[in-house]
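Protein chains in written order, with our numbering: chain A, 15 to 201; chain B, 957 to 1145.
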Amino acid sequence: MNACAALDPATLVEYWLGELDTAREADAELHVLRCGACADRLADVVRLGSAIRKAFVRGNVSAVLTPAFARQLAAAGWRLREYRVPANGSVRCSVAPDDHFALARLQAPLAGVERLDLVRIAGGKVLERLANVPFDRASDEVVFAPAVTALRTLHDEAIHVELVDASHDAERVLAGYDFIHTAWPSK
Amino acid sequence: MTTVGDLAALEDAELAHRIAAGRGDRACAEEAELCRRLAPRARLYGLRHLRDPHAAADLAQQVMLMTLERLRAGQLRDPAMLASFVLGTCRMVVLDLRRTHARRARLLETYATDEEQATPDDGDRFDHARVADCLSTLPVRERSILVMTFYAERQASELAAELGLTEANVRVIRHRALQRMRACVEGKA
């Protein structure tokens, strides 16, 4: 068994994602071919990444995506059910059995916003507050992808979503959105 | 007689030396041990560069055949250079396999699937329900960056441009998120 000084975890991830420059990539590759322990660690990075991907594409986790990422999903052939909702607008929505993803495309004025929270409310109660969601303030849009498996368990229900500018001590609601959800009829 | 345990304790270079010095069946056990070690590493190289589990398996097989042939023929003069030779062979085989597997890759891009994913082997080390639970406990910013990263091995520079962040910032968020994920799926958090 070869002894080796372990590559740090961040380098292994950067190698896997193709982020290293040519010289560092060559060093990392030679190291992994020499060092079974680092090869095992790299394999674990890959397995975990694959498991994260599976959890997402099976609709088991929610996420806030970029518009470019949403386009990539559509281009890859996934079935997307998208609802583009203007600020303070409402929409009737559902999720079909063969939908892979449901996207709420929330339009909002994001210029000057440093930190944004997304709050989901039903029946006057806060279901969830997603703090510090990722967003591109130049796009004036937040793309929220709830877990489709959870959406499928909903009955007919109204859910209110708010985008909250939490950049400063005094929060302010940027916009609200009403989703009038109807359960997909069972056969 | 050399046991499997004895071989496992040897360095790669010593195994290569024994194979080069062997004749007939004498080095069979050494060859098997070397393949056991190097084939998964070559396959990882293939996954990284080809992003296709079938192509990566082909690469590992071809690289190991070429490596053993070279060793048996005594053409690898310095066994200490074994890893360099394997790396060079991996690079050469990748070029060839890229052409062979390009059509298959195009088909896969057209028909998205959640199963056809490049992983080191067929064994699932992680409990998928546990992974989903752990992801759900992450702050949404970390979870979203992990999802967008590993959906299609996207680099920090791409996400940084889409989110108006710096690459360094994306890497820090990603690194922290992966640390939390590992701790969670391994039951340490």
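Just so it is clear, CB atoms sit at the ideal spot from N, CA and C, and this is done for glycine as well.
Between which two residues does the beta strand (DSSP E) carrying residue i extend?
{"i": "B:Tyr-1107", "result": "Per DSSP, B:Tyr-1107 belongs to no beta strand (DSSP E) and is neither H nor E."}
{"i": "A:His-169", "result": "Premise fails: A:His-169 is in no beta strand (DSSP E) and is neither H nor E."}
{"i": "A:Asp-131", "result": "130 to 136"}
{"i": "A:Arg-206", "result": "Past the edges of chain A, shown from 15 to 201, lies residue 206 of chain A, and the structure says nothing about it."}
{"i": "A:Ala-19", "result": "Taken as a continuous stretch (DSSP letters only), A:Ala-19 belongs to no beta strand (DSSP E), as it is neither H nor E."}
{"i": "A:Val-78", "result": "77 to 79"}
In the DSSP assignment, the alpha helix (DSSP H) including residue i goes from what residue to what residue?
{"i": "A:Val-59", "result": "50 to 71"}
{"i": "B:Arg-992", "result": "984 to 1006"}
{"i": "B:Glu-967", "result": "No alpha helix (DSSP H) holds B:Glu-967; DSSP gives it neither H nor E."}
{"i": "A:Val-27", "result": "23 to 30"}
{"i": "B:Leu-1091", "result": "1084 to 1093"}
For chain A, find out if any of its Cβ atoms is closer than 8 Å to the Cβ of residue i; answer yes or no.
{"i": "B:Leu-1091", "result": "yes"}
{"i": "B:Asp-1078", "result": "Low confidence applies here, because B:Asp-1078 scores a pLDDT of 45, under 50, leaving its location unreliable; read the following figure in that light. No, because no Cβ of chain A sits closer than 8 Å to the Cβ of B:Asp-1078."}
{"i": "B:Val-1087", "result": "yes"}
{"i": "B:Met-1104", "result": "yes"}
{"i": "B:Gly-1002", "result": "no"}
{"i": "B:Ala-976", "result": "no"}
{"i": "B:Pro-996", "result": "yes"}
{"i": "B:Pro-1009", "result": "no"}
{"i": "B:Gly-1044", "result": "no"}
{"i": "B:Ala-988", "result": "no"}
{"i": "B:Arg-993", "result": "yes"}
{"i": "B:His-1057", "result": "no"}
{"i": "B:Ala-972", "result": "no"}
{"i": "B:Arg-1081", "result": "yes"}
{"i": "B:Arg-1138", "result": "yes"}
{"i": "B:Ala-1029", "result": "no"}
At a threshold of 7 Å, does residue i count as lining the ligand NAP (C-beta to nearest heavy atom)?
{"i": "B:Leu-1102", "result": "This structure lacks the ligand NAP, and indeed carries no ligand of any kind."}
Are residue i and residue j close, meaning C-beta to C-beta below 8 Å?
{"i": "A:Ala-84", "j": "A:Val-157", "result": "yes"}
{"i": "A:Ala-101", "j": "A:Ala-69", "result": "no"}
{"i": "B:Cys-984", "j": "B:Met-1020", "result": "no"}
{"i": "A:Val-162", "j": "A:Phe-193", "result": "no"}
{"i": "B:Ala-1039", "j": "A:Leu-124", "result": "no"}
{"i": "B:Arg-997", "j": "A:Leu-47", "result": "yes"}
{"i": "B:Ala-911", "j": "B:Arg-999", "result": "No answer is possible for residue 911 of chain B: the residues shown for chain B start at 957 and end at 1145."}
{"i": "B:Met-1098", "j": "B:Arg-1132", "result": "According to the sequence shown, residue 1098 of chain B is Glu rather than Met. Yes, the pair counts as a contact, with Cβ atoms nearer than the cut-off."}
Within 8 Å of any Cβ in chain B, is that where the Cβ of residue i sits?
{"i": "A:Phe-115", "result": "no"}
{"i": "A:Gly-63", "result": "yes"}
{"i": "A:Arg-48", "result": "yes"}
{"i": "A:Gly-32", "result": "yes"}
{"i": "A:Glu-155", "result": "no"}
{"i": "A:Gln-86", "result": "yes"}
{"i": "A:Leu-44", "result": "yes"}
{"i": "A:Leu-141", "result": "no"}
{"i": "A:Pro-199", "result": "no"}
{"i": "A:Asn-102", "result": "no"}
Name the DSSP bridge partner or partners of residue i?
{"i": "A:Ile-194", "result": "A:Arg-106 and A:Ala-172"}
{"i": "A:Glu-155", "result": "A:Gln-121 and A:Asp-150"}
{"i": "A:Glu-142", "result": "A:Arg-134"}
{"i": "A:Phe-115", "result": "A:Leu-94"}
If the cut is a Cβ gap below 7 Å, which residues of chain B does residue i touch?
{"i": "A:Ile-66", "result": "Val-1087, Leu-1091, Leu-1102, Val-1103 and Phe-1106"}
Below 8 Å on C-beta distance, what does residue i contact in chain A?
{"i": "B:Pro-1035", "result": "Residues of chain A passing the Cβ test: none, with the nearest at roughly 12 Å."}
Just to make sure I have the definition right: I need the residues of chain B whose C-beta is within less than 8 Å of the C-beta of residue i. Which are they?
{"i": "A:Arg-151", "result": "Gly-1120"}
{"i": "A:Thr-80", "result": "Met-1104, Leu-1115, Glu-1118 and Leu-1119"}
Quick one: list the residues of chain B neighbouring residue i, beta-carbon separation under 9 Å, in chain order.
{"i": "A:Ala-145", "result": "Pro-1095, Val-1096 and Arg-1097"}
Against residue i, what residues of chain A qualify as contacts under a CB-to-CB distance less than 9 Å, listed in chain order?
{"i": "B:Arg-1026", "result": "What B:Arg-1026 touches in chain A: nothing, since even the nearest Cβ is about 15 Å away."}
Quiz prompt | Contact residues within the segment 1109 to 1136 of chain B, judged by C-beta distance below 9 Å to chain C | solution = In the displayed structure, chain C is absent; the protein chains listed are A and B.
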